[in-house]
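To convert, count from 1 in the sequence shown and add 175; that's the numbering used here. So the structure is just underneath, and the comments pick up after that.
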Amino acid sequence: MKKIFIFGTGTGYLKMKCLLPEDSYELIGFIDNNKKQRTIFEGKEIFSPSEAIKKKFDQILIASTFFDEIENQLLNLGVEKGKIIKYYSAEDTLFDARLISLKLVCIEIKEKKIKGNVAELGVFRGDFSKKINRIFSDRTLYLFDTFQGFDEKDVELEIDNGYSNAVKGTFSDTSEMIVLNKMLYKDKCIIKKGYFPDSLNGLEDMFVFVSIDVDLYKPTYEGLQYFYNRLVKGGYIFIHDYNNLGYSGVKEAVKMFCKENDAVYFPLSDCHGSVVITK
């Protein structure tokens, strides 16, 4: 986990605060050039630039519109250029469009007081699930996965239609325990192990947020069929890998479903191009 400083405690920081993926870095403290030095801000100490660089750190995240001036100041103090990051830079590896969108969607849902639980279909090892669990900490999170990788029936359909070169059992390197051990709010998680939609077992909850990340045509289509009908007004469905050329069945499933149901989707600029469906 990267150890970072945030340079700036003003409006620049407040704008970026909700976008920081808290579980991917360790915040050492803040840096500022003004009288706030040696005081406590958001539970962390504020250091002068000269004091901060004496600490062990991986990156300094600049939360200020005076980026060029601050960068030059840090360079003159001997900080490596590669350790200085402008928080809204496209090259900033601390950020992910899908995660940022998840956080902003959660803010919208909470502000509008929309009810409903959350779910992920296609959990694998729980890396995105843990973010859903942390961000929607007050909601029950249903976690759907075979925990045995790709199913043979789905793989056959992929090959027959030329959607992918999927192999039975891919993504089987996981378990319920691996996933649950990553969850901050384990008591809010319900594992639904098995082949979807059989694993529903009569589940009739309504949902405000759903992530579908199953890579293949049939489970993507089946997921949309179930969750869209149980999505509350103002809810969101994220579908991963829509623009992943290695798994073109995802795009076909989304297009087919949306055509049949007069649903609308829009893209995210994350890796492999997720799309979002809302009501």
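By construction, the Cβ of each residue, glycine as well, lies at the ideal position given by its N, Cα and C atoms. Predicted model, so just to flag it, every value in this text is computed and none were measured.
| Asked | Found |
| --- | --- |
| Which word fits residue 394, buried or exposed, when buried means at least 16 other C-beta atoms lie within 10 angstroms of its C-beta? | buried |
| Could you tell me which of 283, 384, 280 sits nearest to residue 398, measuring between CA atoms? | 384 |
| Report the three-state DSSP secondary structure of residue 455 (helix, strand or coil). | Since the first and last residues shown for the chain are 176 and 454, residue 455 lies out of range. |
| Do the CB positions of residue 234 and residue 260 come within less than 8 angstroms of each other? | yes |
| For residue 333, is the classification buried or exposed, using 16 other Cβ atoms within 10 angstroms of its Cβ as the cut-off for buried? | buried |
| Would residue 342 be called buried (16 or more neighbouring beta carbons within 10 Å of its own) or exposed? | exposed |
| Looking at the strands, I want to know which residues DSSP matches up with residue 294. | 317, 385 |
| When DSSP labels each residue in this structure, what does residue 372 get in the three-state scheme? | coil |
| Where does residue 379 fall in DSSP's three states? | coil |
| For residue 188, list the residues DSSP reports as bridge partners. | In the DSSP output, where bridge partners are listed per residue, residue 188 has none listed. |
| How is residue 433 classed by DSSP in three states: helix, strand or coil? | helix |
| Within the segment 328-357, note down every full alpha helix (DSSP H) run reaching 4 residues or more, in order along the chain. | 351-355 |
| For residue 204, write down the residues that DSSP places opposite it in a beta bridge. | 180 |
| Determine the extent of the beta strand (DSSP E) in which residue 252 is found, giving its start and end residues. | Looking at the DSSP string, residue 252 is not in any beta strand (DSSP E), and its letter there is neither H nor E. |
| Of the residues 180, 321, 239, which one's Cα is nearest the Cα of residue 370? | 321 |
| Which value, in whole angstroms, describes the spacing of the CA atoms of residue 236 and residue 245? | 11 angstroms |
| What is the rounded straight-line gap between the Cα of residue 280 and the Cα of residue 411? | 8 angstroms |
| Just checking, does the segment 371-378 make contact with the segment 334-354 on the three C-beta pairs under 8 angstroms criterion? | no |
| Alpha carbon to alpha carbon, how far is residue 361 from residue 355? | 6 angstroms |
| If you drop the 5 nearest sequence neighbours on each side, which residues of the same chain put their C-beta closer than 6 angstroms to that of residue 452? | 412, 438, 440 |
| Using a Cβ-Cβ cut-off of 8 angstroms (strictly less than) and excluding sequence neighbours within five positions of residue 392, which residues of its own chain qualify? | 329, 332, 333, 336, 338, 424, 425, 427, 428 |
| Taking only the alpha-carbon atoms, compute the straight-line gap between residue 289 and residue 187 and give it to the nearest angstrom. | 29 angstroms |
| Identify whether residue 401 lies in helix, strand or coil by the three-state DSSP scheme. | helix |
| Cα separation between residue 195 and residue 238? | 11 angstroms |
| Determine the contact status of residue 316 and residue 363, defining contact as a CB-CB distance below 8 angstroms. | yes |
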